[in-house]
Structures are given as structure tokens and as C-alpha cells.
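Peer 1: This structure is in C-alpha cells; I'll ask about it shortly.
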Amino acid sequence: MKNDYIVQETVTGVVPMLKKDRTYAFWDLFLCTSGFAIATWCYTQGAYIAEYLTFKQLLVNVFCFNLVWLSVECIPVFFAVRYGIDLWIWLRSVLGLKGVAIFATTISMANFGWYGVNARLFGSSVINLFGAFGVTLAPGFWEPALGVLCVVLGTLIALGGPEVIKWTSRILVSALLVVGVIVVGLCFTSVPLADIAAVQPQIEGGRLLRFMTSAEGNVAFAFSWSTQALVLPRLCTSESKGYWSTNLAYGLVAPFFVAAGGVMAFAMFVKTGVYESDPTTMLATLCGPGAALLSLLMVVFANIGTQGIGSYVNCMIVKGGFPNVSYRLMVVLAMVYVSALTIWGWVMDNFGAFISLAAYIQGPIIGMTVVDYLVVKRRKLSLKSAYFMAGHGAYRFTGGFNLVGLACILVAFATCFLFVYNPLTGAMKTPIFLVLTGSGYTAVCGGLLYWLASLTPLRRYMLKDRADLEIR
Amino acid sequence: MKPTGIEQIIQDETERRLAEMQRPDYEFPPRATAADAWGIVLLVGVSAVLIVLCMLGVIE
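Protein sequences, first through last, are from chains V and L. Residue numbers for the first sequence follow my numbering, beginning at 1 and rising by one. Residue numbers for the second sequence follow my numbering, beginning at 473 and rising by one.
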């Protein structure tokens, strides 16, 4: 019983994973992370930004902003793999134990908003799929009902833990990648590339403003993985494999499906004059009802897989703050919460504002994480203090909060809202937005403030661990 | 505050694992190499150049 519990706490908990426990090679982590990343929200994201850009600009915007930020924010993966711990254990040294509990919970609650969108899109796509074959389902009832079904099925995968996730991903993601390529091919067959490339942006405004407004969406998209990105790599067998499998899955595979969504939206615009984001409707319109069956894989299985892996990852994040709560209980609670979000539908109706707001909280943490790893702590952490072992109190901060870390988040968040970009109104406040985007600013500002603080007498408060680095 | 049963199990197991990591013969996973660092620099550099070209209107 006790041994079972220890095993469970190792793979679905906060206990460090030793090298001999790791079961994920490059492809396992790559496929698993890709499986998590690929979902209908990719198409939603692609269709959302397609209205702002030309075809070439869309490709650069989607791939390059994601790759730049993912390459940076994944750097701490090296650390996660080395010590077999996830980001949130390390963040105890940046935010304090209670700071982690609050932010881990807040960010996971925000992350679960994506799964509400995911489930809702599952519902609408299945309704459209039935519609393509002449069966009408009332959206008012069936969209949330099918969405909740997606959440429940995903929860069953999450309850199986990493081994079930690994095998689900091996089969599912391989198939999804093939289908993604087929779908893009079908789009180009259905509408000539020259016609797609000739589509001009429909949103009014200057070229640079449109480009950076789309970039805001992509940077926020890249940031949305950040706090989740360092949970799975602890299962991997080497630092390089952990880093590249994570970076390429989030930075290349997910953007590929975003770009596919954009290409489909362009193709739909050429054919119908409307930017459509639902892949089932797009495929049925562009290639006939038979092709819409491909969305069974693209939407139905993909979204269930995403729900499963996402539930595992986000429950692991919350466990960083509440290590004593059972993983299974958390997964079930997550199911109830996401089901409620799915039925409510607010996130789906306010997609752009939602992703930016979530990114504004994650951005400063990304900036501080990278600066802390490379510059302030220089890749050395007191693991014993991070786990609050007896006699190791370097990370016991004021009332459980690292006030420096919290101040950096607060200042970055507030100044971005006031002086850079307000995602609720879509209003640019200063030209800083045209260089960094709002989300990018929060990361740069958070990291810069944290680094500057480390140059002042606050360094003694931030770095009490230098004499406590027993595990190297 | 005294740890609960579950808390104590997690604490004991964590302590045991950290002690194992601290042993001189514990083998950590293979380190990242200079090739990884150059790969990151290259990826970020090429992406940044393409972004700037779009921002300047060279790529329309």
C-alpha cells in the first residue's frame, strides 16, 4: 500500500524522479507533448489571426513568434530533466511556497479555460459532422452536452496516468500528424495556392499594427504552454531529448496546426467570403461531406487526448502547491470545473481577451524563470530547501511569499495593462506594443525587474541558498 | 505543525531520493551540449530575422 502510494506520488506527484524511473525517450515526450498541443484551438487560433495577415505573413507570424518564445521559455527544461522535478518545485524559490500555491492554482484555473474551449469546439464540430450527413442536432443542448462528454472521456485517460497517456499519444498523434498534412494538401487542391496567397487582410489598420496584433495572439499562445511545459520533461531520459522534444512539439507541431487553420480559413474565404474556424465545416465545404469525416480524428480524438493530457499536466501543477491532495481527486475536481466552464461558454465567446489575460500572468513568470535559471541562480538550486527538508530553509520567505518575485509579476502585469496593451479593449497604449507585443512585454519586464532586484541589497533576500547547494 | 500520514510518506520518500541524488555514484541524465546551445541560437536568430523582415514590409 505504502509502496503503491510512493510510485503514484513519483509519476503523478511532486516526489523527484530518479534517472532509473524515467520511461520517456525523445519520441515519447515529443508525441505526448504534441498530443497535448494539438487540438481544435489550433484551428481557432489560425482562423482568428488569418483575418489580420497575408498568407506569407501568417506563416512567419505563426512559426517564428512561437519558435522564438518557446526556445527561450523551454530553457529551464534542462533543469527539470536533470533533477526530475517540475517547474513549480523550482518556482518555490522564486515565488515562495504560498506564492506557488496561489499562482499554480490561478494559472491552472486559467489553463482549464482552454479545455472549456476545447470541449465546446468538440461539441460544435460533432454537431456539424452530423449535419454534414443530414442529422440535425440542436446546438443549445448538444454543444455543451457533447463538450461535457469530451471532458469525461479525457478524464478517463488522465486517471490512467503517464503510461496510458504515452500509449494513447503514440497512436493518436502519429495519426493526427498524417491527417494534418492531408488536410493542408486538400486545401491547396481545393483552392489554388495563388488564390490563397492573394487574399488581403480584412481587418482595417496599419500593416505593422495588424502584424503585431496577430503576434500578440501567437505570443500568448506560446506562453500558454509555459507553465505546463516543464511538467512532462521530468519523465525524460536526457536533457537534450527533453528540451528538443518539448520545444519542437510546442514550437513547431502546434504552430503547424495553427497555420493549417489559417490556410483553411483563407481557402474558405476564397470560396465563400467568410473566414471559418470550424474544421468540420471547412472540410465539408472545401472537399465534400466525406472529407469531413477526417475531422473525427482532427477534432474528436484530438480533443479527448488533449483533455486527458492537459488534465494530468494541470493537476500536477496544482499539486506543486498542494502536495497532499490526491492526484485522482484533483483530476475529478478538474473534470467538474472544466465541465462547468464548457456549459458556461464565456471563454469561447471572449477567446482573444482570454488568451492575452492568461498570458499576462504567465509572461512575468517566464521572464523571471529564465533570468533566475541563467543569470541569478546560475543553474544551481538547493533541492533540499525547495522541498523544505529539516535544516534547509533558504526558500522560507515572508509568510510563504517571495515578495520580490510577487512584486515583479504585479508591476509587469499592471504596467502592461496601463502603458502597453489592454487585451479587454484591444487598445494599444504605446508603440512598445509594436516591438514586443503586450504578452512579450510582461515577460521582458518581469525578467528585467527580477534581474535588477538581484543587483541590489535584495539579493541577500533572493539568494539565501548559496551555502546550501549540496546536490549538483 | 506535525505532518499528516500522507505528508510524512511524501517527505520521507523525497528525503530518500534526494540522499540518493547526493551520492557520488548517482548518475544524472546526460547533460545538454554546446550543440544544443547553438541550435537554440540559430533557431531564435533565423526566426527573429524573418519577423523583422515582415515588420519592415520586406515580406508582404
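Beta carbons are placed, not taken as given, at the ideal position from N, Cα and C, and that holds for glycine. All values derive from a computational prediction rather than experimental measurement.
What residues from the stretch 226-247 of chain V come within 7 Å of chain L, judged by C-beta to C-beta, listed N to C?
Peer 2: Answer in chain order: T237, S238, E239, S240 and Y243.
Peer 1: Can you give me the Cβ contacts of V/V81 inside the same chain, cut-off strictly under 6 Å, excluding the 5 residues immediately before and after it?
Peer 2: Within the first sequence, the letter at position 81 stands for residue 81 of chain V. Same-chain partners within the cutoff: P233, C236, E239 and G242.
Peer 1: On the DSSP bridge assignment, give the partners of V/T398 in chain order.
Peer 2: For the purposes of this step, residue 398 of chain V is taken as residue 398 along the first sequence, with counting starting at 1. Paired residue(s): V/F401.
Peer 1: For the structure I just gave you, are there three or more beta carbon pairs, one from the stretch 512-524 of chain L and one from the stretch 59-68 of chain V, closer than 8 Å?
Peer 2: The answer is yes - the stretch 59-68 of chain V touches the stretch 512-524 of chain L, with three or more Cβ pairs under 8 Å.
Peer 1: Applying the criterion that 16 or more other CB atoms from any shown protein chain within 10 Å of the CB defines a buried residue, is V/I171 buried or exposed?
Peer 2: The residue you call residue 171 of chain V lines up with position 171 of the first sequence. Counting Cβ neighbours within 10 Å, V/I171 comes out exposed, since fewer than 16 surround it.
Peer 1: Distance check for V/I317 and V/A104, CA to CA, integer angstroms please.
Peer 2: For the purposes of this step, residue 104 of chain V is taken as residue 104 along the first sequence, with counting starting at 1. For the purposes of this step, residue 317 of chain V is taken as residue 317 along the first sequence, with counting starting at 1. Taking the straight line joining both Cα atoms gives about 6 Å.
Peer 1: If you check the beta carbons only, do V/N368 and V/G262 fall under 9 Å apart?
Peer 2: Here residue 368 of chain V refers to the residue found at position 368 when the first sequence is read from its first residue. Here residue 262 of chain V refers to the residue found at position 262 when the first sequence is read from its first residue. Looking at the sequence shown, residue 368 of chain V is not Asn but Met. Result no, Cβ atoms of V/M368 and V/G262 do not sit closer than 9 Å.
Peer 1: Rounded to whole angstroms, what is the Cα-Cα separation between V/E204 and V/G352?
Peer 2: Here residue 204 of chain V refers to the residue found at position 204 of the first sequence. Here residue 352 of chain V refers to the residue found at position 352 of the first sequence. Approximately 17 Å between the Cα atoms of the pair.
Peer 1: Can you tell me which of the three DSSP states V/N524 falls into?
Peer 2: In the structure as shown, chain V begins at 1 and stops at 472. Residue 524 of chain V is therefore absent and cannot be evaluated.
Peer 1: Mind pulling the chain V residues with CB within less than 8 Å of L/V516?
Peer 2: Counted from its first residue, the second sequence places residue 516 of chain L at position 44. Chain V residues near L/V516: L67, V68, S71 and V72.
Peer 1: Which residues in the same chain have their Cβ closer than 7 Å to the Cβ of V/F112, if we skip the five residues on either side of it in sequence?
Peer 2: Along the first sequence, one-based indexing puts residue 112 of chain V at 112. Excluding positions up to five away in sequence, the list reads N314, A334, Y337, V338 and L341.
Peer 1: Do the stretch 39-51 of chain V and the stretch 260-279 of chain V touch if we need at least three Cβ pairs shorter than 8 Å?
Peer 2: Contact holds: three or more Cβ-Cβ distances are below 8 Å.
Peer 1: Could you say if the stretch 389-400 of chain V and the stretch 412-427 of chain V meet the contact criterion of at least three C-beta pairs nearer than 8 Å?
Peer 2: Cβ pair count under 8 Å is below three, so no.
Peer 1: Whose C-alpha, out of V/G273, V/T272 and V/P289, is nearest the C-alpha of V/T280?
Peer 2: Residue 280 of chain V sits at position 280 when you count from the first residue of the first sequence. Comparing Cα-Cα distances from V/T280 to each of V/G273, V/T272 and V/P289, the minimum goes to V/P289.
Peer 1: Give me the chain L residues within the contact set of V/Q57, using Cβ-Cβ distance strictly less than 7 Å, ordered along the chain.
Peer 2: By 1-based counting over the first sequence, the position of residue 57 of chain V is 57. Those are C526 and I531, listed as they occur along chain L.
Peer 1: Is V/R207 close to chain L? Criterion is C-beta to C-beta, closer than 9 Å.
Peer 2: In the first sequence, residue 207 of chain V corresponds to position 207, counting from 1. Answer yes: the Cβ-Cβ gap between V/R207 and chain L drops below 9 Å somewhere.
Peer 1: What does DSSP give as the partner residues of V/A359 in its beta bridges?
Peer 2: As a first step, residue 359 of chain V must be located in the first sequence, where it is residue number 359. The partner list for V/A359 (beta bridge, DSSP) is empty, contrary to what the question assumes.
Peer 1: Nearest-angstrom Cα distance between V/A359 and V/F322?
Peer 2: Looking up residue 359 of chain V in the first sequence gives position 359. Looking up residue 322 of chain V in the first sequence gives position 322. Rounded to whole angstroms, V/A359 to V/F322 spans 23 Å at the Cα level.
Peer 1: On the DSSP letters alone, give me the boundaries of the alpha helix (DSSP H) that V/T136 sits inside.
Peer 2: As a first step, residue 136 of chain V is located in the first sequence; it is residue number 136 there, counting from the start. No alpha helix (DSSP H) holds V/T136; DSSP gives it neither H nor E.
Peer 1: Tell me the residue span of the alpha helix (DSSP H) that contains V/N350.
Peer 2: On the first sequence, residue 350 of chain V is found 350 positions in, with the first residue counted as 1. V/N350 -> no alpha helix (DSSP H), and no H or E assigned at all.
Peer 1: Who are the neighbours of V/L383 on chain L, taking C-beta pairs under 8 Å?
Peer 2: Counted from its first residue, the first sequence places residue 383 of chain V at position 383. The contacting residues are L490 and M493.
Peer 1: I want to see whether chain L comes within less than 9 Å of V/P484, judged by CB atoms only; does it?
Peer 2: What is shown of chain V runs 1 to 472, which leaves residue 484 of chain V out entirely.
Peer 1: Show which residues of chain L have a CB atom less than 7 Å away from the CB atom of V/Y395.
Peer 2: Counted from its first residue, the first sequence places residue 395 of chain V at position 395. In chain order: nothing, as chain L lies at least about 14 Å away.
Peer 1: By the 10 Å Cβ neighbour count, where 16 or more other Cβ atoms means buried, how is V/V473 classified, buried or exposed?
Peer 2: A query on residue 473 of chain V cannot be resolved here, the shown segment of chain V reaching from 1 to 472 and no further.
Peer 1: Taking V/S245 as the reference, which of V/I157, V/R472, V/C32 and V/K19 has the closest Cα?
Peer 2: Taking the first sequence and counting its residues from 1, one reaches residue 245 of chain V at position 245. The candidate whose alpha carbon is nearest that of V/S245 is V/C32.
Peer 1: For a test of the three-state rule: what should DSSP assign to V/Y48, helix, strand or coil?
Peer 2: Taking the first sequence and counting its residues from 1, the one referred to as residue 48 of chain V is at position 48. Three-state DSSP puts V/Y48 in a helix.
Peer 1: Label V/E163 either buried or exposed according to how many other C-beta atoms from any shown protein chain fall within 10 Å of its C-beta, with 16 as the threshold for buried.
Peer 2: Along the first sequence, read from residue 1 onward, the residue named residue 163 of chain V stands at position 163. Exposed is the call here.
Peer 1: Run through the DSSP bridge pairs and tell me what V/A474 is partnered with.
Peer 2: Absent from the structure is residue 474 of chain V, since the part of chain V shown begins at 1 and ends at 472.
Peer 1: Can you find a C-beta in chain V that's less than 9 Å from the C-beta of L/M473?
Peer 2: On the second sequence, position 1 is the one that residue 473 of chain L refers to. Legend: pLDDT at L/M473 = 47, less than 50; position of this residue unreliable, value from coordinates given subsequently. Not one chain V Cβ lies under 9 Å of L/M473.
Peer 1: What residue range does the alpha helix (DSSP H) around V/G35 cover?
Peer 2: On the first sequence, position 35 is the one that residue 35 of chain V refers to. It spans F26 to A37 - the alpha helix (DSSP H) in which V/G35 sits, taken as one unbroken run.
Peer 1: So, helix, strand or coil for L/D497, using DSSP?
Peer 2: Translated into the one-based positions of the second sequence, residue 497 of chain L becomes position 25. It is coil, neither helix nor strand.
Peer 1: When the Cα of V/P255 is compared with those of V/K19, V/A25 and V/W41, which residue comes out closest?
Peer 2: In the first sequence, residue 255 of chain V corresponds to position 255, counting from 1. Comparing Cα positions, the closest option is V/W41.
Peer 1: Leaving out the 5 sequence neighbours to the left and right, which residues in its chain are closer than 8 Å to V/K56 when beta-carbon positions are compared?
Peer 2: Residue numbering aside, residue 56 of chain V sits at position 56 when the first sequence is read from its first letter. Closer than 8 Å at Cβ, skipping near neighbours: A197.
Peer 1: In three-state terms, what does DSSP make of L/K474?
Peer 2: Translated into the one-based positions of the second sequence, residue 474 of chain L becomes position 2. Summary for L/K474: the model assigns pLDDT 49, below 50, so the residue's position carries little reliability, and this model does not support an answer.
Peer 1: Per DSSP, which residues does V/G421 bridge with? Please list them.
Peer 2: Here residue 421 of chain V corresponds to residue number 421 of the first sequence, with the count starting at 1. Rather than Gly, the amino acid found at residue 421 of chain V in this sequence is Tyr. Beta-bridge pairing links V/Y421 to V/M428.
Peer 1: If you draw a straight line from the C-alpha of V/T213 to the C-alpha of L/I531, how long is it?
Peer 2: By one-based count along the first sequence, residue 213 of chain V stands at place 213. By one-based count along the second sequence, residue 531 of chain L stands at place 59. The straight-line gap from Cα to Cα measures roughly 17 Å.
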